[in-house]
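**Student:** Chains as they are written, first to last, in the numbering used here: chain A, 83 to 343; chain B, 218 to 474.
Beta carbons are placed, not taken as given, at the ideal position from N, Cα and C, and that holds for glycine.
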Amino acid sequence: MQTLVDLDKVSLSYTPEDSLVLAETSLRIQEGEFVAIVGPSGCGKSTILKLISGLISSQTGDVLVEGKAVKGAVKIVGLAFQNPTLLPWRTTLDNVLLPLEVVEPHRFQFKAKKQEYIKKAKALLNRVGLSGAEEKFPWELSGGMQQRANLCRALIHEPKLLLLDEPFGALDAFTREELWGVLRDLWQLQKFTVVLVTHDLQESVFLADTVYVMSARPGRILFTKAVDLPRPRTLEHIFEESFVAIVHELREHISIARQGT
Amino acid sequence: MNLKNFLNRYSSLLVVIGGLILWQLVCTVFQIPDYIFPSPLKICESLIEFHQPIFEHALQTLYTTIIGFAIAVIFGMWLGVVIGTSPLIYRALYPILVGFNSVPKVALVPILIIWFGSGTLPAVITAFIISFFPIVVNVATGLATIEPELKDVLRSLGATERDVLIKVGIPRSLPYFFASLKIAVTLAFVGSVISETVASNKGVGYLMISASSNFDTPLVFAGLVVIAVMGIGMYEIFARLEGKMTHWAQRDQVSAR
């Protein structure tokens with residue numbers, strides 16, 4: 083296994099006057115690993131995603147992706163947020179195709195290879211259970227369906243690294259659990275690397291290989307937990323003792339982290 | 218077809234007809250002289266009697282309005298994009314724009330006349346300066362309110378500012394843009410008529426001023442009617458265009474109509 087992402091003692095504040103958002107955070111993510119980051123609100127979880135994707139840069143410390151220091155857009159990432167931000171004037175299919183119109187090298191081949199791309203997008207939509215919704219507009223879809231399309235948009239260019247910022251936070255409990263399964267299956271099929279930022283401890287244990295607990299601002303990694311539960315995990319596992327024990331352990335560390343505020 | 222559907226459909230027409238009947242009744246019953254407050258019938262007579270000069274003057278007003286409005290659309294779109302995509306330029310220019318928009322445009326007409334003489338040119342310019350502001354503000358708003366998450370998604374893929382503008386910014390600001398066109402085109406009429414009333418020998422504004430100096434009040438009102446009709450016509454054209462171009466943004470209104 084190779085290291086894909088390496089954060090070494092990264093510190094950052096958004097403006098010089100502000101207090102630190104991250105304080106000497108170190109984190110190493112292997113290729114193909116599913117990582118979850120949990121922690122109190124405002125602890126800089128999302129900031130880590132922005133650092134990895136090259137949207138912002140750190141003041142001190144090194145951020146390496148594929149062994150190279152991150153400078154500007156990383157381009158091997160797919161991003162998805164809690165807010166699906168699908169474009170309302172595009173159909174679901176055209177929304178999923180959007181990254182291919184922008185990212186290299188696909189943007190230069192988009193016209194020539196359009197049929198191939200459409201086929202690929204349809205296959206992906208089919209895999210997340212959205213076949214039949216290709217020609218629908220996002221506002222004709224439910225929240226869960228929009229989030230599925232959002233995942234497809236983040237994955238269409240086959241990124242090595244999928245960065246998810248509380249993607250299921252705004253969904254109801256049943257839809258959320260359904261989408262855990264969708265994400266698990268997508269990951270097991272394609273084996274990209276995932277960094278999932280979440281508030282939901284069950285979600286982190288269900289999906290991840292490694293869960294990182296962050297402290298309150300300024301964020302640091304307080305605790306690292308390798309989740310060695312067998313795969314594939316199903317929703318029934320959530321109520322098993324070994325699963326519950328890990329969730330409890332994480333919860334204790336979160337409450338310690340929260341007391342810091 | 219029940220009463221509610223009927224009312225929904227024809228309510229605006231009913232209000233106009235009802236208003237005209239009431240107006241006519243008031244004028245007839247109280248025997249108000251025409252030179253003070255002409256009745257609708259009298260205005261109609263005037264419209265028919267002077268239809269030839271009214272038509273010519275209306276054409277002139279329509280012409281100056283459309284040219285001024287067209288310049289406002291091009292300039293407004295350009296300035297809106299510039300302001301909406303650059304927070305720095307936004308901060309630098311916005312106070313000036315608001316200040317400029319607060320100045321009554323009628324006060325500028327005398328200056329324009331000193332610079333450009335009387336007639337068509339100041340009317341076009343007045344129509345332009347009165348109507349570009351809502352276009353600028355709306356286009357800038359549409360661009361400035363792009364979801365930051367969406368920008369992040371695209372920028373992490375290496376999208377340039379230009380990519381974001383073309384793929385997201387411009388389509389996203391179209392509903393704002395078309396909404397502003399409806400307002401801007403009616404304002405453009407106000408602009409050209411103001412200018413015509415101050416210094417011109419053509420246009421509905423001039424027609425009304427000369428009619429008023431002859432105490433031909435029915436003809437003044439006829440001029441008002443012509444402006445209103447042209448305004449409604451242009452508004453309707455841009456409302457339809459808006460519906461066609463940005464149907465995805467109107468999904469809530471479709472059922473309400």
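Taking the straight line between their C-alpha atoms, what separation do you get for A/Pro-300 and A/Gly-154?
**Tutor:** Taking the first sequence and counting its residues from 1, one reaches residue 300 of chain A at position 218. Taking the first sequence and counting its residues from 1, one reaches residue 154 of chain A at position 72. Computed Cα separation, rounded: 24 Å.
**Student:** For the putative contact between B/Ser-409 and B/Gly-285, defined by C-beta atoms under 8 Å, what is the C-beta separation to the nearest angstrom?
**Tutor:** On the second sequence, position 192 is the one that residue 409 of chain B refers to. On the second sequence, position 68 is the one that residue 285 of chain B refers to. Yes, B/Ser-409 and B/Gly-285 are in contact; Cβ-Cβ is about 6 Å, under 8 Å.
**Student:** Using Cβ-Cβ distances below 7 Å, what residues of the region 147–168 of chain A are close to chain B?
**Tutor:** Ala-155, Val-156, Lys-157, Val-159, Leu-161, Phe-163, Asn-165, Thr-167
**Student:** Return the chain-ordered ranges of every beta strand (DSSP E) run that is complete within the region 207–267 of chain A and spans a minimum of 3 residues.
**Tutor:** 243–247
**Student:** When you compare only the Cα positions, how much space is there between B/Phe-394 and B/Ile-363?
**Tutor:** The residue labelled residue 394 of chain B in the question sits at position 177 within the second sequence. The residue labelled residue 363 of chain B in the question sits at position 146 within the second sequence. Computed Cα separation, rounded: 15 Å.
**Student:** Quick check: the region 328–335 of chain B against the region 267–274 of chain B, are there 3 or more CB pairs under 8 Å?
**Tutor:** Result no; under three Cβ-Cβ pairs closer than 8 Å.
**Student:** Check each candidate in A/Glu-216, A/Gln-270, A/Leu-104 and name the one with the smallest Cα separation from A/Ile-303.
**Tutor:** As a working mapping, residue 303 of chain A is identified with position 221 in the first sequence. Comparing Cα-Cα distances from A/Ile-303 to each of A/Glu-216, A/Gln-270, A/Leu-104, the minimum goes to A/Leu-104.
**Student:** Does any residue of chain A have a CB that is nearer than 9 Å to the CB of B/Leu-371?
**Tutor:** Residue numbering aside, residue 371 of chain B sits at position 154 when the second sequence is read from its first letter. Answer yes: the Cβ-Cβ gap between B/Leu-371 and chain A drops below 9 Å somewhere.
**Student:** Which class does A/Leu-94 belong to by DSSP, given the choice of helix, strand or coil?
**Tutor:** The count along the first sequence starts at 1 and reaches residue 94 of chain A at position 12. If DSSP states are grouped into helix, strand and coil, A/Leu-94 belongs with the strands.
**Student:** Threshold first: 3 residues or longer. Then list the beta strand (DSSP E) segments lying entirely within the region 90–143 of chain A, N to C.
**Tutor:** 104–112, 116–120
**Student:** Against chain A, does B/Val-385 count as a neighbour if the rule is that its beta carbon must be under 9 Å from one of theirs?
**Tutor:** Position 168 of the second sequence, counted from the start, is the residue given in the question as residue 385 of chain B. Cβ-Cβ to chain A under 9 Å: yes for B/Val-385.
**Student:** Going by the CB atoms, is the gap between B/Asn-318 and B/Phe-345 shorter than 9 Å?
**Tutor:** Taking the second sequence and counting its residues from 1, one reaches residue 345 of chain B at position 128. Taking the second sequence and counting its residues from 1, one reaches residue 318 of chain B at position 101. Against a cut-off of 9 Å, the Cβ pair of B/Asn-318 and B/Phe-345 comes out as no contact.
**Student:** Can you confirm whether B/Leu-374, when its beta carbon is compared against all beta carbons of chain A, has any partner nearer than 9 Å?
**Tutor:** Taking the second sequence and counting its residues from 1, the one referred to as residue 374 of chain B is at position 157. Output row for B/Leu-374: interface = yes.
**Student:** To the nearest angstrom, report how far apart A/Ile-138 and A/Gly-126 are at their CA atoms.
**Tutor:** On the first sequence, position 56 is the one that residue 138 of chain A refers to. On the first sequence, position 44 is the one that residue 126 of chain A refers to. About 13 Å.
**Student:** Starting from B/Leu-242, follow the alpha helix (DSSP H) in both directions and report where the run begins and ends.
**Tutor:** Here residue 242 of chain B refers to the residue found at position 25 when the second sequence is read from its first residue. Per DSSP, the continuous alpha helix (DSSP H) segment holding B/Leu-242 begins and ends at 220–246.
**Student:** Just to confirm, is the Cβ distance from A/His-281 to A/Glu-334 under 9 Å?
**Tutor:** Numbered from 1 along the first sequence, position 199 holds the residue referred to as residue 281 of chain A. Numbered from 1 along the first sequence, position 252 holds the residue referred to as residue 334 of chain A. No, the pair does not count as a contact, with Cβ atoms beyond the cut-off.
**Student:** What separation, rounded to the nearest whole angstrom, lies between the Cα atoms of A/Ala-231 and B/Thr-278?
**Tutor:** If you number the first sequence from 1, residue 231 of chain A lands on position 149. If you number the second sequence from 1, residue 278 of chain B lands on position 61. Cα to Cα, A/Ala-231 sits roughly 51 Å from B/Thr-278.
**Student:** Below 7 Å CB to CB, which residues in the same chain sit around A/Glu-216 once its five sequence neighbours on both sides are set aside?
**Tutor:** One-based indexing of the first sequence puts residue 216 of chain A at position 134. Excluding positions up to five away in sequence, the list reads Thr-173, Thr-174, Leu-175, Lys-204, Leu-207.
**Student:** Following the continuous beta strand (DSSP E) through A/Gly-160, name the residue where it begins and the one where it ends.
**Tutor:** Position 78 of the first sequence, counted from the first residue, corresponds to residue 160 of chain A. 159–163 is the span of the beta strand (DSSP E), which, as asked, contains A/Gly-160.
**Student:** Tell me the residue span of the beta strand (DSSP E) that contains A/Ile-303.
**Tutor:** Along the first sequence, read from residue 1 onward, the residue named residue 303 of chain A stands at position 221. The continuous beta strand (DSSP E) containing A/Ile-303 extends over residues 303–308.
**Student:** Beta-carbon within less than 6 Å of A/Leu-94's beta-carbon, same chain only, minus the 5 sequence neighbours each way: which residues are those?
**Tutor:** In the first sequence, counting from the first residue as 1, residue 94 of chain A sits at position 12. Around A/Leu-94: Val-103, Leu-104, Ser-140, Gln-141.
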